[in-house]
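The letter at position 176 of the sequence shown is residue 175 when you use numbering that gives the first Met the number 0, and the numbering goes up by one with no holes. C-beta atoms are modelled at their ideal positions from N, C-alpha and C, and glycine is treated no differently.
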Amino acid sequence: MAFLTLEALSKFNLATIVNFQMNQTDDLPQRSLRHATGERGIAILKLALPTQWILRNQTESDYGIDVEIELAGKTVTGKILKAQVRTKTPIAWSTNNTFREPFGSGKFLYWRSISLPVVLFLVDNSSGVVYWQKASGAIPADARLPDEIIVEKKNELKSTLDELINFVTTFRNHVDARKILYRLPFFLNIFEKRRLNVDLDCFLSLEYPDFEELNYVYDETAALMFALGLPGQSLIPWQIWLIRSTSIFGDSGELHNGIHDEILDYLFPMVEKIKVKAKEIIDPENINYLNFSLKARLEDSQISYSAPLVGTFSREFWEAFETDLEARNAKRYSAVKRQTSI
């Protein structure tokens, strides 16, 4: 290790001495530029967040989560998001104003397993501007794992803070999104049934079962839009339609046929988008016992779409399954005997 003599030290001012000591690297722990940049990125993020929000550093055990953030105002809310922070000096935006940040599939699996929303914050170390993109949740709703997150320059945190708040407060994780997606065949059946009942006497009010079906279709449309990550997830509040019905047709019923038809016209373009997006997601997947009904419905299949699943489960599976049914006094038939006879 190099040393300076007293005579040599006398020729240096204090700043020179400190600079010299900071650059002596022999036998000392190293302070990496990566760590320094990462810490600066988190500091910039903290300044960019609303003052009352709470940021908790979680880099001590970094498995893909750098910080935890709790939304807060005058009181804490319990609304929490997890985040990975990546810092660039500067961000190399592409010609279409996007930036691609690669991640291994393991991180996406981990993020999907977290029951809280996960966000990627992209920090420009040069300008101090923060951008963000969803890293988990319903988007994407498909089973395939991506290998990167695409951040758009328009997603500057300052100007899109309300969108981030909406993502956190209305968060549905990947598992919940899949459950909603698999309800699509039943939803489409009800929606099409309601469309067969348009152009009736507009002054007549709906019978209660019809009213309940329409209300279900309305709520489920919003849920499917959200699960598939489609824009326009905030529908006109249901109560507005009830008030409109009374304003136009009087108070003889809760909802009249005329408004029933308007609602279906209003929902129709959304339902078409839902079908297109669902097909994009489900088509590349191999058929399995969870998705086969949805696949068949989106293909308008009239054949026995359960046929490809014959033989999917082994004799051992059905034995265990039927043992459980017997324990619950629910077994009436046997797939095991059928497989044996075949």
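A Cβ-Cβ contact shorter than 9 Å links Lys87 with Asp123. A distance below 7 Å between beta-carbons, with the five flanking residues on each side excluded, links Phe202 to the following residues of its chain, in chain order: Phe248 and His255. With a 10 Å radius around the Cβ and a threshold of 16 neighbouring Cβ atoms, Leu289 comes out exposed. Ranking Arg193, Val84, Asn328 and Arg177 by CA distance to the CA of Leu156 puts Val84 first.
Residue burial is scored here from C-beta neighbours: Ser114 has fewer than 16 other C-beta atoms within 10 angstroms and is therefore classed as exposed.
Within the stretch 164 to 249, complete alpha helix (DSSP H) segments of at least 4 residues are found at 173 to 180, 183 to 194, 207 to 226 and 237 to 248, given in chain order.
For Leu108, the enclosing alpha helix (DSSP H) starts and ends at Ser104 to Ser112. In the DSSP assignment, His255 forms a beta bridge with Ser204. The criterion of a C-beta distance shorter than 9 Å is satisfied by Ile189 and Glu212. A Cβ-Cβ contact shorter than 9 Å links Leu266 with Tyr217. Arg296 counts as buried, since at least 16 other C-beta atoms from the protein chains shown sit within 10 angstroms of its C-beta. When C-alpha distances from Phe316 are compared across Ile43, Val335 and Arg171, the shortest belongs to Val335. Here the alpha carbons of Ala42 and Glu253 stand approximately 54 Å from one another. Residue Ile68 holds the alpha-carbon nearest to the alpha-carbon of Gln57 among Leu48, Thr50, Pro49 and Ile68. At the C-beta level, Val150 and Arg111 stay beyond 9 Å of one another. Taking C-alpha positions only, Gly228 is separated from Phe120 by approximately 19 Å. Beta-bridge partners of Tyr130 (DSSP): Leu121 and Glu155. In chain order, Glu155 place their CB closer than 7 Å to the CB of Val128, counting only its own chain and leaving out the 5 sequence neighbours on each side. For Lys133, the closest of Ala319, Lys73 and Thr169 by C-alpha to C-alpha distance is Thr169. DSSP places Lys81 in the uninterrupted beta strand (DSSP E) bounded by Val75 to Lys87.
Assignment of Thr97 by DSSP, reduced to helix, strand and coil, places it in the strand class. In this structure, Ile90 places its C-beta atom within 9 Å of the C-beta atom of Tyr130. Per DSSP, reduced to three states, the secondary structure at Leu293 is helical.
Following the DSSP letters along the chain, one finds Leu324 inside the alpha helix (DSSP H) bounded by residues Arg314 to Ala326. In the three-state reduction of the DSSP assignment, Ile286 falls in the coil class. The beta-carbon distance between Ile53 and Ala71, rounded to whole angstroms, is 6 Å. This is short enough to meet the 8 Å contact definition. Its Cα nearest to that of Thr97, the residue Glu147 stands out among Pro49, Glu147, Val75 and Arg55. Leaving aside the five residues that flank Asp260 on each side, the residues in its chain whose CB is nearer than 6 Å to its CB run, in chain order, Val197. When C-alpha distances from Val118 are compared across Asn172, Val75, Ala326 and Thr76, the shortest belongs to Asn172.
Ranked by how close their Cα comes to the Cα of Glu219, the residues Ala176, Trp240 and Ile239 have Ala176 in first place. Asn287 and Phe186 have their C-alpha atoms some 20 Å from each other. Short of 7 Å from the beta carbon of Trp92, and not among the five residues preceding or following it, lie these beta carbons of its own chain, in chain order: Phe98 and Lys152.
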